[in-house]
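Per this note's numbering, the very first residue in the sequence shown carries number 205; after that it's consecutive.
Where is the CB? At the ideal position from N, CA and C, for every residue including glycine.
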Amino acid sequence: MQWTDRIRQVKIILVVAAVLIAVASLVASHYIAHDLYEEEHKKMEIWAEAMRALNDDQEDGGMSLVLKVIEDNTTIPIVVFDSHGAVQISRNLDVKAKSDADRTQKITERGKSMKAAGRSIRIVYDDSNPGEYIDVCYDDSLMLKRLTIYPYIQLGVVMIFVVVAIFALLTSKRAEQNKVWVGLSKETAHQLGTPISSLMAWTEVLKENYPGDDLLPEMEKDVQRLQLIAERFSKIGSLPEPVPSSLKDVMTHVVDYMDRRTSQKVVITTVFPPQDIIVKINAQLFEWVIENLCKNAVDAMEGSGTITLFMQDEGECVAIEVSDTGKGIRKKDIGNVFKPGFTTKKRGWGLGLSLAKRIVEEYHRGKIYVKSSEVGRGTTFRIELRQSRNRR
């Protein structure tokens, strides 16, 4: 849980840092864009005054200075209309047209859109004749437009960085968990191997000395059970090849095992179709999944209740459901039941359902989830597996 808390803290820090960077960038860009807009607006006023001076001044020296002011504008798009709405001058417009008439029409439309947006300055040549004027329409420069868009691009890049960083952290966490699973499983199988071999030898010695003892067959079954558990742990660390197996045989074997090892107050019922269903599974590992679900059901019912094993052919997949009449799972805990270490029991490591999920989803390419649960009424777990076409 310490690693999980650390991951959560890092994710929060990354998200907060991304938000702070985005807000700072937006604020800074807003002020810069505002200052640049004011500067461009002042330039347009100067440019408009230059246009007025160009119309009034007849001296060559004054006209040269005015023309220089006009020519120096190489960034701000401008369209100048006369009082009749005809285009007089246009500058810094990237207009693609098939003909001069088409170009004039597009420039006129562009100028009208600038004017409609309130980006225009009216110049009256003669105060005594207000009907003679020009409208200088302008738009933001390319630099200003880029500066306005830049914060959002930066925000997108920061968010992508955060997502990639979180994904890398989760991947690292999962890889570390996998190493723990593999190491723990192999070590457990290795540690069980020696005492199981010794028990098998002692069982053979007891058979020779006490051939009629009724307890020896049960001891042999328990030793075989330990051997099966060791084999299961050894397969967790690898990817066992699934083979076509009878699902009904697997489920029946689990029912027989649980019947012998649970209280008579626990009733196990089965709802199987009349025909057998063949699926590609590793029988030993899949039995482990069903056993885990049944054992959890027994714990949830506190030793008294009904467990129902349901199996149904649904065409492309086969559905297996394990239902109990236990205490149920709270809604806030349903999303955590398959996480390693999560348990509601006073005793337990919280690894059973995590192992079950790993076996079903990673080894058998299936799905396992809580289909329904109601506090005080019981829980139903559902498994979905792809079905083989072979049947019998």
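DSSP three-state assignment for residue i, whether helix, strand or coil
i    : result
F585 : strand
N496 : helix
K575 : strand
L559 : helix
S345 : coil
D418 : coil
I293 : strand
F365 : helix
P399 : helix
D528 : strand
F476 : coil
I217 : helix
V223 : helix
G539 : coil
G580 : coil
T407 : helix
A301 : coil
H568 : coil
T279 : coil
R350 : helix
E412 : helix
I598 : Beyond the ends of the chain as shown, which are 205 and 596, falls residue 598; an answer cannot be given.
P355 : helix
T547 : coil
E435 : helix
E445 : coil
Distance CB(residue i)-CB(residue j) smaller than 7 Å
i    : j    : result
I587 : I563 : no
G532 : S577 : yes
K310 : C341 : no
L589 : V493 : no
P448 : I482 : yes
V454 : F490 : yes
T398 : E424 : no
P334 : S229 : no
V541 : L557 : yes
Q292 : D286 : yes
D517 : P477 : yes
L410 : A434 : no
T456 : V502 : no
V400 : L430 : Looking at the sequence shown, residue 400 is not Val but Ile. Closer than 7 Å, so yes.
Cutoff 7 Å: residue i Cβ touching any chain D Cβ
i    : result
T398 : Note that chain D does not occur in the displayed structure, where there is just one protein chain.
According to DSSP, residues forming a beta bridge with residue i
i    : result
V340 : V284, I325
C521 : R590
Q468 : Partner(s): none; Q468 has no beta bridge.
S450 : I482
Q516 : A523
T510 : V471
Presumed contact (8 Å Cβ cut-off) between residue i and residue j, rounded CB distance
i    : j    : result
V427 : M462 : At roughly 19 Å, the Cβ-Cβ gap does not stay under 8 Å, so V427 and M462 are not in contact.
L346 : I236 : Contact doesn't hold; Cβ gap of about 15 Å is too wide.
I327 : I338 : 5 Å
I280 : K316 : That belief does not hold up - the Cβ atoms of I280 and K316 are roughly 17 Å apart, past 8 Å.
A369 : L218 : 6 Å
V283 : R314 : 6 Å
R534 : V579 : 6 Å
L432 : Q488 : 7 Å
E520 : Q591 : 7 Å
### Query
Does the count of Cβ pairs from the segment 461 to 475 and the segment 507 to 524 closer than 8 Å reach three?
yes
### Touching by the beta-carbon criterion (3+ pairs, under 8 Å), the segment 522 to 530 and the segment 495 to 503
yes
### Cβ pair count under 8 Å reaching 3, the segment 363 to 372 against the segment 227 to 243
no
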